[in-house]
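Engineer:
Protein chains: 2
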Amino acid sequence: MRGGSWKTFVVAGLLLGLSAWALGNEELIKLAQNPSEWPLYGRDYANTRYSPLDQINTANVGRLKVAWIQSLGTLRGQESVPIKIGDTLYVTTSWPNNIYAVDARTGRLKWKYVSDTPADAQQYACCDVVNRGAAYGNGKVFFGRLDGVLVALDAQTGRELWRATVVDYKAGYTITSPPIVIKDKVITGYAGAEFGARGAVVAYDMNTGRELWRTFTVGPGPEYDNSWQTDAWKTGGGTAWYVASYDPEANLVYYGTGNPAPWNTAVRPGDNKWSASIIALNPDDGRIVWGFQTTPQDAWDWDAENELVLVDLVIKGRKVPALMQANKNGFFYVLDRKTGKFIQGDKYYPHLNWAKGLDANGRPIEIPEMRPSLTQYVDYVCPVFWGGKNWPPMAYNPKTGLVYMPGNNMCMSIQHREVTYTKGALYIGSKHEHKPGPGAGPAKNLGQFRAFDPVNLKIVWTIDERYPGWGGALTTAGGLVFYGNEEGEFKAVDARTGKILWRFYAGSGIVAAPISYAVGGKQYIAVSVGLGGEYALLPGEAGKNLPNEVNLGGYLIAFTLD
Amino acid sequence: MRGGSWKTFVVAGLLLGLSAWALGNEELIKLAQNPSEWPLYGRDYANTRYSPLDQINTANVGRLKVAWIQSLGTLRGQESVPIKIGDTLYVTTSWPNNIYAVDARTGRLKWKYVSDTPADAQQYACCDVVNRGAAYGNGKVFFGRLDGVLVALDAQTGRELWRATVVDYKAGYTITSPPIVIKDKVITGYAGAEFGARGAVVAYDMNTGRELWRTFTVGPGPEYDNSWQTDAWKTGGGTAWYVASYDPEANLVYYGTGNPAPWNTAVRPGDNKWSASIIALNPDDGRIVWGFQTTPQDAWDWDAENELVLVDLVIKGRKVPALMQANKNGFFYVLDRKTGKFIQGDKYYPHLNWAKGLDANGRPIEIPEMRPSLTQYVDYVCPVFWGGKNWPPMAYNPKTGLVYMPGNNMCMSIQHREVTYTKGALYIGSKHEHKPGPGAGPAKNLGQFRAFDPVNLKIVWTIDERYPGWGGALTTAGGLVFYGNEEGEFKAVDARTGKILWRFYAGSGIVAAPISYAVGGKQYIAVSVGLGGEYALLPGEAGKNLPNEVNLGGYLIAFTLD
Numbered sequence: 098m099r100g101g102s103w104k105t106f107v108v109a110g111l112l113l114g115l116s117a118w119a120l121g122n123e124e125l126i127k128l129a130q131n132p133s134e135w136p137l138y139g140r141d142y143a144n145t146r147y148s149p150l151d152q153i154n155t156a157n158v159g160r161l162k163v164a165w166i167q168s169l170g171t172l173r174g175q176e177s178v179p180i181k182i183g184d185t186l187y188v189t190t191s192w193p194n195n196i197y198a199v200d201a202r203t204g205r206l207k208w209k210y211v212s213d214t215p216a217d218a219q220q221y222a223c224c225d226v227v228n229r230g231a232a233y234g235n236g237k238v239f240f241g242r243l244d245g246v247l248v249a250l251d252a253q254t255g256r257e258l259w260r261a262t263v264v265d266y267k268a269g270y271t272i273t274s275p276p277i278v279i280k281d282k283v284i285t286g287y288a289g290a291e292f293g294a295r296g297a298v299v300a301y302d303m304n305t306g307r308e309l310w311r312t313f314t315v316g317p318g319p320e321y322d323n324s325w326q327t328d329a330w331k332t333g334g335g336t337a338w339y340v341a342s343y344d345p346e347a348n349l350v351y352y353g354t355g356n357p358a359p360w361n362t363a364v365r366p367g368d369n370k371w372s373a374s375i376i377a378l379n380p381d382d383g384r385i386v387w388g389f390q391t392t393p394q395d396a397w398d399w400d401a402e403n404e405l406v407l408v409d410l411v412i413k414g415r416k417v418p419a420l421m422q423a424n425k426n427g428f429f430y431v432l433d434r435k436t437g438k439f440i441q442g443d444k445y446y447p448h449l450n451w452a453k454g455l456d457a458n459g460r461p462i463e464i465p466e467m468r469p470s471l472t473q474y475v476d477y478v479c480p481v482f483w484g485g486k487n488w489p490p491m492a493y494n495p496k497t498g499l500v501y502m503p504g505n506n507m508c509m510s511i512q513h514r515e516v517t518y519t520k521g522a523l524y525i526g527s528k529h530e531h532k533p534g535p536g537a538g539p540a541k542n543l544g545q546f547r548a549f550d551p552v553n554l555k556i557v558w559t560i561d562e563r564y565p566g567w568g569g570a571l572t573t574a575g576g577l578v579f580y581g582n583e584e585g586e587f588k589a590v591d592a593r594t595g596k597i598l599w600r601f602y603a604g605s606g607i608v609a610a611p612i613s614y615a616v617g618g619k620q621y622i623a624v625s626v627g628l629g630g631e632y633a634l635l636p637g638e639a640g641k642n643l644p645n646e647v648n649l650g651g652y653l654i655a656f657t658l659d
Numbered sequence: 098m099r100g101g102s103w104k105t106f107v108v109a110g111l112l113l114g115l116s117a118w119a120l121g122n123e124e125l126i127k128l129a130q131n132p133s134e135w136p137l138y139g140r141d142y143a144n145t146r147y148s149p150l151d152q153i154n155t156a157n158v159g160r161l162k163v164a165w166i167q168s169l170g171t172l173r174g175q176e177s178v179p180i181k182i183g184d185t186l187y188v189t190t191s192w193p194n195n196i197y198a199v200d201a202r203t204g205r206l207k208w209k210y211v212s213d214t215p216a217d218a219q220q221y222a223c224c225d226v227v228n229r230g231a232a233y234g235n236g237k238v239f240f241g242r243l244d245g246v247l248v249a250l251d252a253q254t255g256r257e258l259w260r261a262t263v264v265d266y267k268a269g270y271t272i273t274s275p276p277i278v279i280k281d282k283v284i285t286g287y288a289g290a291e292f293g294a295r296g297a298v299v300a301y302d303m304n305t306g307r308e309l310w311r312t313f314t315v316g317p318g319p320e321y322d323n324s325w326q327t328d329a330w331k332t333g334g335g336t337a338w339y340v341a342s343y344d345p346e347a348n349l350v351y352y353g354t355g356n357p358a359p360w361n362t363a364v365r366p367g368d369n370k371w372s373a374s375i376i377a378l379n380p381d382d383g384r385i386v387w388g389f390q391t392t393p394q395d396a397w398d399w400d401a402e403n404e405l406v407l408v409d410l411v412i413k414g415r416k417v418p419a420l421m422q423a424n425k426n427g428f429f430y431v432l433d434r435k436t437g438k439f440i441q442g443d444k445y446y447p448h449l450n451w452a453k454g455l456d457a458n459g460r461p462i463e464i465p466e467m468r469p470s471l472t473q474y475v476d477y478v479c480p481v482f483w484g485g486k487n488w489p490p491m492a493y494n495p496k497t498g499l500v501y502m503p504g505n506n507m508c509m510s511i512q513h514r515e516v517t518y519t520k521g522a523l524y525i526g527s528k529h530e531h532k533p534g535p536g537a538g539p540a541k542n543l544g545q546f547r548a549f550d551p552v553n554l555k556i557v558w559t560i561d562e563r564y565p566g567w568g569g570a571l572t573t574a575g576g577l578v579f580y581g582n583e584e585g586e587f588k589a590v591d592a593r594t595g596k597i598l599w600r601f602y603a604g605s606g607i608v609a610a611p612i613s614y615a616v617g618g619k620q621y622i623a624v625s626v627g628l629g630g631e632y633a634l635l636p637g638e639a640g641k642n643l644p645n646e647v648n649l650g651g652y653l654i655a656f657t658l659d
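First to last, the protein sequences are chains S and C.
Using this note's numbering, read the first sequence as starting at 98 and increasing by one per residue.
Using this note's numbering, read the second sequence as starting at 98 and increasing by one per residue.
1. Along chain C, in chain order, which residues have C-beta atoms closer than 7 Å to that of Val-158/S?
2. Is it buried or exposed, Asn-458/C, if we count other Cβ atoms within 10 angstroms and call 16 or more buried?
3. Any idea what DSSP makes of Tyr-524/C, helix, strand or coil?
4. So, does the CB of Ser-191/C fall closer than 7 Å to a CB anywhere in chain S?
5. Determine the chain C residues that contact Lys-209/S at a beta-carbon separation under 8 Å, and present them in chain order.
6. Residues of chain C with a CB under 8 Å from the CB of Asp-659/S: which are they?
7. Shorter than 7 Å from the beta carbon of Tyr-652/C to some beta carbon of chain S?
8. By how many angstroms is the C-alpha of Asp-433/C removed from the C-alpha of Glu-346/C?
9. Are any of the Cβ atoms in chain S nearer than 7 Å to that of Trp-118/C?
10. Under a three-way DSSP split, which group does Gln-219/S fall into?
11. Please list the partners that Ala-71/S has in chain C, where partner means a Cβ-to-Cβ separation under 7 Å.
12. Would you identify the three-state DSSP class for Trp-451/S, choosing helix, strand or coil?
13. Output the boundary residues of the beta strand (DSSP E) element that contains Leu-206/C.
14. Between which two residues does the beta strand (DSSP E) containing Tyr-430/C stretch?
15. Quick one: give me the first and last residue of the beta strand (DSSP E) that Gly-388/C is part of.
16. Quick test of the definition: if touching needs 3 or more C-beta pairs under 8 Å, does the stretch 178-191 of chain S touch the stretch 605-615 of chain S?
17. Just the C-alpha distance for Tyr-339/S and Lys-596/S, rounded to the nearest angstrom, thanks.
18. Could you work out which residue in Asn-369/S, Ala-603/S, Asn-195/S, Ala-548/S is closest to Met-502/S when comparing CA atoms only?
19. Say whether chain S places a C-beta atom closer than 7 Å to the C-beta of Thr-262/C.
20. Please determine, among Phe-546/C, Lys-528/C, Gly-367/C, Leu-643/C, the residue with the shortest C-alpha to C-alpha distance to Pro-660/C.
21. Can you list, in chain order, the residues of its chain with a C-beta nearer than 8 Å to that of Gln-253/S? Leave out the 5 residues immediately preceding and following it.
22. DSSP three-state call for Gly-595/S: helix, strand or coil?
23. Is the Cβ-Cβ distance between Tyr-564/S and Gly-204/C less than 7 Å?
24. So Thr-664/C contacts chain S; which residues on that side make the cut at Cβ distance below 9 Å?
25. Quick one: residues in its chain with C-beta nearer than 8 Å to the C-beta of Ala-249/S, no 5 flanking neighbours on either side, listed in chain order?
26. Examine chain C for any beta-carbon lying closer than 7 Å to the beta-carbon of Gly-629/S, and answer yes or no.
27. Heavy atom of the ligand NAP less than 6 Å from the Cβ of Arg-160/C, yes or no?
28. Are the Cβ atoms of Val-163/C and Phe-656/C separated by less than 7 Å?
29. By how many angstroms is the C-alpha of Ser-374/S removed from the C-alpha of Ala-623/S?
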């Protein structure tokens, strides 16, 4: 634990008034170097979700106990991952998207910010009224809200410093994920592809809230002619609605983009770049430096928004600056994060049945009868529109070389249909039904939690779950993986073997990823609890058992050794 | 732990089909004799809130840890005390007043019953949309709802067996407290004095829901002529809104009754019996056998509803069948529960300043200038209208001979004013303002938790609390007292010394009383958590700090030794 040196750094930074430029960037990198901290959604710019702490480990995790609970004061899906800076956790909530500063040691509130998010913003949330967390930089916390507003608060007091309206929520645009702070900028995407939003990434001056640049993710471009053969790109989706990664050396910020809109492909011939893609932008000017499309002309709702984990891997004897993604479409991708070049990939979801594999450039080799259209009904394509894995994030442990990820074992029937764009109305154009995957049934094997080897592209171990995997992963230097499930069970697993070493019943569904931090010489594990999100609250077969078994909720629990 | 013998009893009872008469009564007494159980709101008919379990004790309570959490799926004041029968907890919630069967060992839901309580019932809750718990009898669970409906459910499945509309909620009548099962009857009161309700106790056939008798608490009666000198009794309050006690030997059921309505005394000359009184009824026919009025012609909102604890005490060398109450008016009463005769009493709230004491019959010796009226403004009368202690229940420990109670240190200014009765509208007729008690201030010493000697009428120890005491007490054979506060702190205290031995931060205000039970050879402590109730949500000075410091919440936490 290097709490001492870290404190010195922060205090010095504040006192010396280091330039905003230096702080925005360097402060977060420095914080992430301190094992006690969890300064970003994925802990570090690389989104590893790896904590270097090892006080809690495979030998003693059986003694893990609740240290404190903090109520979140709202119900509905609590997808929020706290960040931890010094002795404070910052945690957001489901609608109205409040944010609280919580004493990391005692669980007590330091301040609370109750958002004035209008009630009607809730109707534009495609997938529950969630918020996934906040970002920190230069003494400020930043978070986006369901009403498309980005807010900057004083981290010490919770006082609002500025707000910016990023998008018009009445058109179906919402913000559900934390922004990213880079240099003097706070950068955010937004959601809304199901309402015909056109995706963009937008940068603000972190000190003033002034908009600096706005880069649309979809539309015609010189380097990808024919990608949009109509003007469907104007309502073309590709929203960058989840969390970004950043490579300070390459000075590239990475986003996965959502599905093109509408689902009905007939109106949008072409590959529809950069929807369902991974893109790298220069944060200084917003220029897209490279793009890599995972599902050209997506017809299945396979967003490529899933988190992008940046690690250096040794593949076939060569060290590569990798970017990894477990994509909704069922494939695991390893790209060169400097160039966007495809290095390798294979399915991580064993029952993927829509493509034969990936070609040398990483483009899927489609099986034509698995592609739905206005005229083609597909009875059983895997994975389901929620993906082999949805946004709940994976974690990478450098000690095992494995990634740990929640996943779904569900398939679907699907056929497109005509739909007309109307501002603020759903713009989907598809009739689809989710079905249990192979070997699954109602409340049985609908999810899996997996360890995956990104070098050898192999599943190492699997834990079956009754419901889809909606709780993200944490891995630690203690040789552990932590995750929760929609039934409300929170587990510690041996990172090497997949053996469950500890369980705690948390009383509501877990649809957020845990974190780990240390304060006062003690390591803690913390996780938000509260059933909700895209799967759990869905009416019908998929979700119908869950609300009978599990209550809504909203609280943050911190665990430590007794 | 006599779990074995208890199980035999229940199974035998179910198999042999013992008559409902026998079960209603004898089953609960038998259950209460099993230390592992918590079959009634106050554990036993006597409302002692004493658990004979001692696995958790003064020596090891420091090792107490969270065993599990169950979300209650609602926010607002969670005043619910679970009952525990066999391996199941039954816990109710704030509006819409759901009830859940929870596995006492794992915390998992066995079934949930989501109430169809209409939303507009919420506007008739004088003091937050709470529910304080359920009653058990003969394989059924019973609970009342904010909409005046009493529901009977199958304890195994949660299936609704019958419902009865006890009162019309649109007139301002609500049910917030558990009924009591005696013989073949389930008996309930209701709330509503602030809306001009006329109080009653009502009995139903526990198997069919048929109404058997209804005894009004206020109105003219031969034995108390002149008590109501106008017809104000028709909207005269005196509601029996809290929990009953029962003496099987005397066959008397005891209720405390609420304040008379309106607060303005001008319209109701006389003592206004049996408002602000303790009454004993024969549960077979509902006849009032005796009454004892604590605040004749109450002018301060000093309901006498507080729990009535039935124990045999030795006072001045004589064993007396006592009934004890710490009344809102600041006095502690010891009555003969067979006859209603006053034995002794004195103030338990040290700053009581409205009376010189109690006379030989237990009638307060009032200080005339402390009585508000239309023409008399009283600037600082203590206790406040919330009482020296409100409904949050005290506990009696036979090993120490002490009662343990939360309390308030608040006073008020008050003057009456004219008010006209309108169905469904507030009917109060008073202008009053709460003020910190002596030595208190905003968020400072507004509450105390006390041990009180009911024989010698002396405070034994006191723990100061920043906010009023809204969490009830539990005491155990392990020499412990447990209670929570509105800040969200849950404490274990040495019953003899008042020393705090253990604390847990629960993340939302605690306004319910804990229980203790055993299952699988392990002792548990359980408490509902969720800020709310009469004080916490009040706008203005009283509550204003609380919502800034503490979030709303809703969960049941069970603790056990690690």
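Ideal Cβ positions, reconstructed from N, Cα and C, are used throughout, including at glycine.
Structural biologist: To lay it out plainly:
1. Contacts between Val-158/S and chain C, judged by CB atoms closer than 7 Å, are missing: the closest CB pair is about 14 Å apart.
2. That one is exposed.
3. When DSSP states are grouped into helix, strand and coil, Tyr-524/C belongs to the coil group.
4. No, its Cβ sits nowhere closer than 7 Å to a Cβ of chain S.
5. For Lys-209/S, the chain C residues whose Cβ falls inside 8 Å of its Cβ are Asn-645, Asn-648, in order along the chain.
6. Going along chain C in sequence order, the residues near Asp-659/S (Cβ under 8 Å) are Arg-160, Lys-162, Asp-659.
7. Tyr-652/C counts as touching chain S.
8. Going by the C-alpha atoms only, they are around 14 Å apart.
9. Low local confidence applies: a pLDDT of 41 at Trp-118/C is under 50, so the model's placement there is unreliable, and no value is given.
10. For Gln-219/S, the secondary structure class from DSSP, reduced to helix, strand or coil, is helix.
11. Outside the shown range of chain S, which is 98 to 659, sits residue 71/S, and nothing can be said about it.
12. Under the three-state reduction of DSSP, Trp-451/S is assigned to coil, being neither helix nor strand.
13. From DSSP, the beta strand (DSSP E) with Leu-206/C extends over 206-210.
14. Looking at the DSSP string, the run of the beta strand (DSSP E) that includes Tyr-430/C is 428-433.
15. For Gly-388/C, the enclosing beta strand (DSSP E) begins and ends at 385-390.
16. Short answer: they touch.
17. Inter-residue distance for Tyr-339/S and Lys-596/S is about 31 Å (C-alpha atoms, whole angstroms).
18. Of the listed residues, the one whose Cα sits closest to Met-502/S is Ala-548/S.
19. Not one chain S Cβ lies under 7 Å of Thr-262/C.
20. No statement about residue 660/C is possible, as the shown extent of chain C runs from 98 to 659 and does not include it.
21. So the qualifying residues of the chain are Gly-236.
22. Three-state DSSP puts Gly-595/S in coil, outside helix and strand.
23. At the C-beta level, Tyr-564/S and Gly-204/C stay beyond 7 Å of one another.
24. Nothing in the structure corresponds to residue 664/C, since chain C is present only between 98 and 659.
25. The beta carbon of Ala-249/S sits closer than 8 Å to the beta carbons of Lys-237, Val-238, Phe-239, Glu-257, Leu-258, Trp-259, Arg-260, Val-283, Met-303, Gly-306 from its chain, once the five residues preceding and following it are set aside; these are given in chain order.
26. Answer no: the Cβ-Cβ gap between Gly-629/S and chain C never drops below 7 Å.
27. For the ligand NAP, the structure offers nothing, since it holds no ligand at all.
28. In contact: Val-163/C and Phe-656/C (Cβ atoms closer than 7 Å).
29. Approximately 32 Å, taken between the alpha carbons.
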